[in-house]
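Mapping of the sequence shown onto UniProt numbering: position 35 corresponds to residue 35, and the numbering continues sequentially without gaps.
What follows is a set of notes on a single structure, which appears directly below.
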Amino acid sequence: MSSMNPEYDYLFKLLLIGDSGVGKSCLLLRFADDTYTESYISTIGVDFKIRTIELDGKTIKLQIESFNNVKQWLQEIDRYASENVNKLLVGNKCDLTTKKVVDYTTAKEFADSLGIPFLETSAKNATNVEQSFMTMAAEIKKRIGSRSNSWWC
Numbered sequence: 001m002s003s004m005n006p007e008y009d010y011l012f013k014l015l016l017i018g019d020s021g022v023g024k025s026c027l028l029l030r031f032a033d034d035t036y037t038e039s040y041i042s043t044i045g046v047d048f049k050i051r052t053i054e055l056d057g058k059t060i061k062l063q064i065e066s067f068n069n070v071k072q073w074l075q076e077i078d079r080y081a082s083e084n085v086n087k088l089l090v091g092n093k094c095d096l097t098t099k100k101v102v103d104y105t106t107a108k109e110f111a112d113s114l115g116i117p118f119l120e121t122s123a124k125n126a127t128n129v130e131q132s133f134m135t136m137a138a139e140i141k142k143r144i145g146s147r148s149n150s151w152w153c
């Protein structure tokens, strides 16, 4: 197919959405660059990273953007995205066991009520960071099959 990009088989665009200070940019840095900093300055607007992964023998380019305000963006996704868009609720900072803002059970029940999977992560110690992005990539790849090499997910 002449329109295919030789650098990758698929391009998946992922959005990280959530309130300020929840660690979206730190998750992004941990996944894309395998780095973490305690002194990260609050992101203004949009944070953006790209990482290419291998999955089931295919090269997948992940274009990841970070946004604030999870509820507003979930409404926008429900309004404008295809109804079968993949979603994953991530509870970050699971390393702060005594300082959790939302406990595991509450977050899991919320995710279940939306019909989406839930994972706890820590950008600080890398718990489930790789798994969360790989889970999304695998779910998207499974959903689209071989229909196209680029989708807004």
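Cβ atoms here follow ideal geometry from the backbone N, Cα and C, with glycine treated the same way.
Residue i (DSSP reduced to helix, strand or coil)
i	result
L89	strand
T35	coil
E83	coil
Y104	helix
S132	helix
K61	strand
I50	strand
CB of residue i within 7 Å of CB of residue j, strictly
i	j	result
F31	F133	yes
L15	E65	yes
N86	E38	no
T135	T127	no
Close beta carbons around residue i, own chain, < 8 Å, minus the five adjacent residues each side
i	result
A137	F12, I53, L55, I60 and L62
A123	G23, C26, L27, L29, R30, Y36, N92, K93 and V129
Cut-off 7 Å between Cβ atoms - residues of its own chain near residue i, not counting five sequence neighbours on either side
i	result
A111	L89, P117 and F118
N-terminal and C-terminal residue of the beta strand (DSSP E) that residue i is part of
i	result
K13	Y10 to I17
Point to revise | Inter-stretch contact (C-beta, 8 Å, three-pair minimum) for the segment 97-111 and the segment 71-82 | key: no
Review point. Does the segment 21-28 come within contact of the segment 83-98, defined as at least 3 CB pairs closer than 8 Å?
Key: yes
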